[in-house]
Amino acid sequence: MPESTENRVLTELLREQIAREEGIPFAEFMRQCLYHPAYGYYMTGRQRIGKSGDFFTSSSVHTLFGRLIARQLVQMAELLGEGPFQVFEQGGGEGYLALDILDALAAEAPAVYARLDYVLIELSPVSRRRQSERLAGHAEKVRWSDENWSLDSGCLLTNELLDAFPVHLVEKHQGRLQEVFVVNAEKNRFGEELRELSTRDLADHFDWLGVQPVAGNRCEVNLAAPRWMRETGKRLGRGFVLTIDYGYPALELYAPHRRSGTLMCYHRHQADEDPYEKPGEKDITAHVDFTALQKAGAEAGLQSLWFGEQYRFLMALGFVEELLRLQERTADEKEARALRLTLKNLIMPEAGMGETFKVLVQGKQVDQPQLLCARALRDLPFPGMGF
Numbered sequence: 003m004p005e006s007t008e009n010r011v012l013t014e015l016l017r018e019q020i021a022r023e024e025g026i027p028f029a030e031f032m033r034q035c036l037y038h039p040a041y042g043y044y045m046t047g048r049q050r051i052g053k054s055g056d057f058f059t060s061s062s063v064h065t066l067f068g069r070l071i072a073r074q075l076v077q078m079a080e081l082l083g084e085g086p087f088q089v090f091e092q093g094g095g096e097g098y099l100a101l102d103i104l105d106a107l108a109a110e111a112p113a114v115y116a117r118l119d120y121v122l123i124e125l126s127p128v129s130r131r132r133q134s135e136r137l138a139g140h141a142e143k144v145r146w147s148d149e150n151w152s153l154d155s156g157c158l159l160t161n162e163l164l165d166a167f168p169v170h171l172v173e174k175h176q177g178r179l180q181e182v183f184v185v186n187a188e189k190n191r192f193g194e195e196l197r198e199l200s201t202r203d204l205a206d207h208f209d210w211l212g213v214q215p216v217a218g219n220r221c222e223v224n225l226a227a228p229r230w231m232r233e234t235g236k237r238l239g240r241g242f243v244l245t246i247d248y249g250y251p252a253l254e255l256y257a258p259h260r261r262s263g264t265l266m267c268y269h270r271h272q273a274d275e276d277p278y279e280k281p282g283e284k285d286i287t288a289h290v291d292f293t294a295l296q297k298a299g300a301e302a303g304l305q306s307l308w309f310g311e312q313y314r315f316l317m318a319l320g321f322v323e324e325l326l327r328l329q330e331r332t333a334d335e336k337e338a339r340a341l342r343l344t345l346k347n348l349i350m351p352e353a354g355m356g357e358t359f360k361v362l363v364q365g366k367q368v369d370q371p372q373l374l375c376a377r378a379l380r381d382l383p384f385p386g387m388g389f
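Numbering-wise (my numbering), the sequence shown opens with residue 3 and increments by one.
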């Protein structure tokens, strides 16, 4: 397929920057590909989510995902007591998750909805416009903010945000940590060179984390994510941080068998490992280090309340009961089977999103509440679901 005009322009801009700076760290290359103000993947009007886009998210699979999150938000609102309840969602994309949460709260928890202040932290003008159109039915409850936000009492929510933060690529050879720099190659392509670290922060990060990369392996370092978490802790007065993303604890993320890291690209539902092809036209992601998030959060006053796989999170919030209720409303068996096949993507460990995706709940000045999502699976009913 021929390159788009935007792709050609961004490629030329990148080549000019690389020539001017004699090579750039991969993190800078990824930042430009995803967030260039005019040509970045997340800043243009391209369709990214759903059948006509490049990938699916949990919120685009079915409205049940948002409805179950709303159930946890209701408990959080009750734990925080009277007064306005703020939900800040950062990186809300097309607004699907916000719509499902708002619809669920309006229908099932009107008292919480009445005191709700839903804020979308969004930088992209295109995304803001699409969100505004999609959430028109809740216009009185929704507003927008840039990155200079503060949350008095409520919950900061992110779903697949941190995996798109630019990452540094590093390798260790002969006991020395080196960084991948992007350079210009022949035929208008990009190449790589291993060089000295662009910042001492990369070596300091592994010392702080208490985990070291394995010699010969390539791995990603997301310096922006722990910084983001520390800043989040400062800006949250009282309440919760709910982070949903794909990733691992540090020991698993940097395990010896993960020789090439986790960097992946997505374009029209095809995954590949070449971030240098079609700059600005495909998503570039890396798995999240949840150990770093918990450690950075603790430094900013955020206590880890629960961490686990998405399937455990959804099951504890009533996934099975909701599935059965939806099936009862479906008279046609063919439709019921299609519903089961769709929803199983949210919880199945290997073929779906159930295990790769993790959920981290942190709290500030909320003691140690017994969260609904923390209910043990052995305490839940498991009637036959037809899976």
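Note that CB positions come from ideal geometry on N, CA and C, so glycine has one too.
- Looking at the DSSP output, Leu-238 sits in a beta bridge with Leu-153.
- By alpha-carbon distance to Leu-326, the top candidate from Leu-66, Glu-30, Ala-40 is Leu-66.
- Of all alpha-carbon atoms in Gly-68, Arg-270, Phe-315, Leu-255, the one lying nearest the alpha-carbon of Phe-292 is that of Leu-255.
- Secondary structure of Arg-22 (DSSP, three-state): helix.
- A check of alpha carbon separations from Arg-220 across Gly-235, Gly-212, Glu-188, Gly-263 identifies Gly-263 as the nearest.
- In this structure Leu-104 touches His-140 by the C-beta definition: roughly 4 Å separates them, less than 8 Å.
- With a minimum length of 4 residues, the unbroken runs of alpha helix (DSSP H) contained wholly in the stretch 120-170 fall at 127-136.
- For Cys-267, DSSP records a beta bridge to Asp-274, Ile-286.
- Just measuring C-alpha positions, the residue of Gly-177, Ala-108, Ala-378 sitting nearest Val-144 is Ala-108.
- When DSSP states are grouped into helix, strand and coil, Tyr-115 belongs to the helix group.
- In summary, Asn-150 is exposed, with fewer than 16 beta-carbon neighbours lying within 10 Å of its beta-carbon over all protein chains present.
- Taken through DSSP and simplified to helix, strand or coil, Glu-330 comes out as helix.
- With contacts defined as CB atoms closer than 8 Å, Gly-85 and Ser-155 qualify as a contacting pair.
- For the 8 Å CB-CB criterion, Leu-373 and Gln-88 do not form a contact.
- Your pair Asn-161 and Ile-246 checks out as a contact, with CB atoms roughly 5 Å apart and the cut at 8 Å.
- Counting along the chain, Val-76 sits inside the alpha helix (DSSP H) bounded by residues 66-82.
- The beta carbon of Pro-39 sits closer than 7 Å to those of Met-45, all from its chain and outside the five residues before and after it, given in chain order.
- Ranked by Cα distance from Gly-68, the first of Val-114, Gly-42, Phe-321, Gly-193 is Phe-321.
- Pairing Leu-81 with Leu-153 gives a Cβ-Cβ distance that is not under 8 Å.
- Under the three-pair Cβ rule at 8 Å, the stretch 269-282 does not count as touching the stretch 197-208.
- Between Val-361 and Phe-242, the gap from beta carbon to beta carbon reaches 8 Å or more.
- Listed as beta-bridge partners of Thr-245 by DSSP are Thr-160, Leu-362.
- In this chain, the beta strand (DSSP E) harbouring Gln-305 covers 305-311.
- The residue among Leu-196, Gln-176, Arg-191, Lys-174 with its C-alpha nearest the C-alpha of Val-182 is Leu-196.
- DSSP, reduced to helix, strand and coil, places Gln-372 outside both helices and strands of the structure shown, so it counts as coil.
- Distance check between Tyr-313 and each of Thr-13, Glu-14, Ala-378 places Ala-378 closest, using alpha-carbon atoms only.
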